[in-house]
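A.B. asks: According to this note's numbering, the residues represented by the sequence shown are 5 to 149, in order.
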Amino acid sequence: MKLKPSKLKRSSPPAAAPAPAQAPADAPRSALNAAYGEEFVVDLKRRRDQLVARVAELQWDLGGLVYEMAIRNSIKVEVMVKRAVVLQDADAELSEVERILRMDETGAAGSCKSCGAPHSSGATFCWQCGKPLLEQVSGDAILHG
Numbered sequence: 005m006k007l008k009p010s011k012l013k014r015s016s017p018p019a020a021a022p023a024p025a026q027a028p029a030d031a032p033r034s035a036l037n038a039a040y041g042e043e044f045v046v047d048l049k050r051r052r053d054q055l056v057a058r059v060a061e062l063q064w065d066l067g068g069l070v071y072e073m074a075i076r077n078s079i080k081v082e083v084m085v086k087r088a089v090v091l092q093d094a095d096a097e098l099s100e101v102e103r104i105l106r107m108d109e110t111g112a113a114g115s116c117k118s119c120g121a122p123h124s125s126g127a128t129f130c131w132q133c134g135k136p137l138l139e140q141v142s143g144d145a146i147l148h149g
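1. Kindly indicate which three-state DSSP category GLY114 falls into: helix, strand or coil?
2. So LEU137 and CYS116 are supposed to be a Cβ contact under 8 Å. How far apart are they, rounded?
3. Work out the CA separation of HIS148 and ASP53 for me, nearest whole Å.
4. Starting from the Cα of GLY67, find the closest Cα among CYS119, ALA57 and ALA88 and give me that residue.
5. Given this structure, state the Cα-to-Cα distance separating CYS133 from ILE104, to the nearest angstrom.
6. Looking at VAL70 and ASP95, is the spacing between their C-beta atoms short of 9 Å?
7. Given GLU72, which residues of its chain have a CB within under 6 Å of its CB, disregarding the five upstream and five downstream residues?
8. Exposed or buried, VAL85, counting other C-beta atoms within 10 Å across all chains shown (16 or more means buried)?
9. Nearest by alpha-carbon distance to GLU61: which of VAL90, GLU100 and VAL101 is it?
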C-alpha cells in the first residue's frame with residue numbers, strides 16, 4: 005500500500021538535548037576565560053546550543069527528504085548530497101566549538117602533534133609519548149629570522 009503525500013502528517017523535529025548544568029559561580033576562572041574574557045565563553049556556549057538545534061533540524065529534514073523521495077520512487081542523489089553537505093558543515097562547526105569548550109573545561113591547552121594526547125599550557129614534553137611539545141629552534145635561526 006502506497007501512502008499519498010496529502011495523507012502524511014509531519015510532526016515537529018525532536019527537541020534539542022537539554023543544556024548541561026552550569027558550574028558553580030565561585031569556581032576559579034579558566035584559562036580560556038582569562039585569555040578571552042567571559043563573553044567569549046558565553047558566546048561559544050550559545051553558539052553550541054544553536055548548532056545542536058540546527059544539526060538536529062537538518063538531520064530531521066534530510067531524513068524527511070529521503071523518505072518523500074522514496075515514497076514517490078524518485079531518488080535525486082544530487083539533491084540529497086547538497087543537503088548532506090549543509091548538515092556536514094554544521095556538524096563540523098559544532099564539533100570544533102565543543103572541542104574548544106571541552107579544552108576550557110579540562111584545562112588542556114592543546115594536543116601533541118605526534119600522538120594527539122592533550123596537554124596543559126605549561127607542559128614541555130608529552131606525558132604519553134615523551135616527545136617535545138615545543139619546536140626546537142637554533143640560535144642562528146632566531147638571529148637571522
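All residues carry an ideal CB built from backbone N, CA and C; glycine is no exception.
C.D. replies: Here's the rundown:
1. strand
2. 6 Å
3. 48 Å
4. ALA88
5. 23 Å
6. no
7. none
8. exposed
9. VAL90
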